[in-house]
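Colleague: Residue numbers (our numbering), protein chains in the order written: chain Z, 2 to 149; chain U, 2 to 149.
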DNA sequence: TTTCGTGCAAAAGCTTTGCATTAGC
DNA sequence: GCTAATGCAAAGCTTTTGCACGAAA
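(1) Suppose you measure from the CA of residue 39/U to the CA of residue 6/Z; what does that come to, to the nearest Å?
(2) According to the neighbour-count rule (16 or more other Cβ atoms, all chains shown, within 10 Å of its Cβ), is residue 10/U buried or exposed?
(3) For residue 127/U, return the contacting residues in chain Z, with the cut-off set at a CB-CB distance below 7 Å.
(4) Rounded to a whole number of angstroms, what is the C-alpha to C-alpha distance between residue 77/Z and residue 92/Z?
(5) Here's the rule I'm using: 16 or more other beta-carbon atoms within 10 Å means buried, otherwise exposed. How should residue 113/U be labelled?
(6) What are the partner residues of residue 90/Z, as DSSP defines its beta bridges?
(7) According to DSSP, residue 107/U sits in a beta bridge with which residue or residues?
(8) Can you have a look at residue 25/U and say buried or exposed, based on whether 16 or more other CB atoms are within 10 angstroms of its CB?
(9) With residue 99/U and residue 86/U assumed to form a contact (beta carbons below 8 Å), what rounded beta-carbon distance in angstroms separates them?
(10) Whose Cβ in chain U lies nearer than 9 Å to the Cβ of residue 140/Z?
(11) Buried or exposed: which applies to residue 96/U, given that a residue is buried once 16 or more other Cβ atoms fall within 10 Å of its Cβ?
(12) Look at the alpha carbon of residue 4/U and the alpha carbon of residue 44/U, and state the distance between them as a whole number of angstroms.
(13) Can you have a look at residue 145/U and say buried or exposed, based on whether 16 or more other CB atoms are within 10 angstroms of its CB?
(14) Taking three-plus beta-carbon pairs below 8 Å as touching, is the segment 100-111 of chain Z in contact with the segment 46-66 of chain Z?
(15) Could you give the residue range of the alpha helix (DSSP H) that holds residue 66/Z?
(16) Determine the direct distance from the alpha carbon of residue 132/U to that of residue 123/U, and round the result to whole angstroms.
(17) Would you mind stating whether residue 135/Z and residue 139/U have Cβ atoms separated by less than 7 Å?
(18) Is residue 101/U close to chain Z, meaning its C-beta is less than 7 Å from at least one C-beta of that chain?
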């Protein structure tokens, strides 16, 4: 879980922005936002659903997906695409950043930010692309898995 | 398509390595290897299948997937995981390297190599992970799509 | 001749969609 | 009260699997 202050601020920000764009804050939707803001594990849709199911018996996976897609469309969540691991979501830092992923247990953590500006400029010059986003993943074995 | 010399060398290398590990070179398998070596478009499984279907009427998608998984297991092909775009494969450079991806048309190109050694070292020191691989993707709009 | 590979069809995951019901605002 | 959101079930995709047949070495 996240430290309380920053995750609560992020939650308020998400709610505020949704309200501004005429979106309703339902209990289910609020619950999904809460999980996204309070977790740092880059949860999958199913993880979010499983966390909420006990407290919200009528919650459905479809609602989780619909909420994630809404947030994705509005740039409020970053989707990490994996076919094996399943897609994972980051609501705290909804902008491209590096990740370190354990190929043993699927843990995903955020290392401190790297400066990718220079690399991006070189890319644009070389390829002629208008670069809008990026993804940098490091794969390896996490400390916990190394001890197994 | 690739330049003939290097793609034919890569093809021979793939065949040689499969033979060394007691794998049979069937016409279907050879055809998949050939497409992987001759294309630089990072094709999907279905793209490979569609390219070969006319020439090999009995070819099946299952065989393409089985061949790709065999090559992946042996480190002869790099799999790029996308949920929206579908997984894409690179048989020419089966080691982690940067990609530039057009979010308009799905084109994937390889920019010239960047030095990621230093970044990787920093990652390991900071996270305690034993880093084994990485993925660096830049997303943007390719020159062709910019003119549309 | 003995495996191994192929290819069909079915299954398995994950994600999306249609639609009637429910509930924000 | 109007309209958007929910949630069930069904459908859609991509990828994998089981198994009988066919072919490589």
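For every residue, glycine included, the Cβ atom is placed at its ideal position computed from N, Cα and C.
As the structure is a prediction and not an experimental result, all values here were calculated from the model.
Modeller: Let's see:
(1) 54 Å
(2) exposed
(3) 112 and 113
(4) 6 Å
(5) exposed
(6) 80/Z
(7) DSSP, once it has assigned bridges, lists no residue as partnering residue 107/U.
(8) exposed
(9) Rounded, the Cβ-Cβ distance is 17 Å, inconsistent with contact.
(10) 97, 130, 132, 133, 134, 135 and 136
(11) exposed
(12) 17 Å
(13) exposed
(14) no
(15) 62-74
(16) 10 Å
(17) yes
(18) yes
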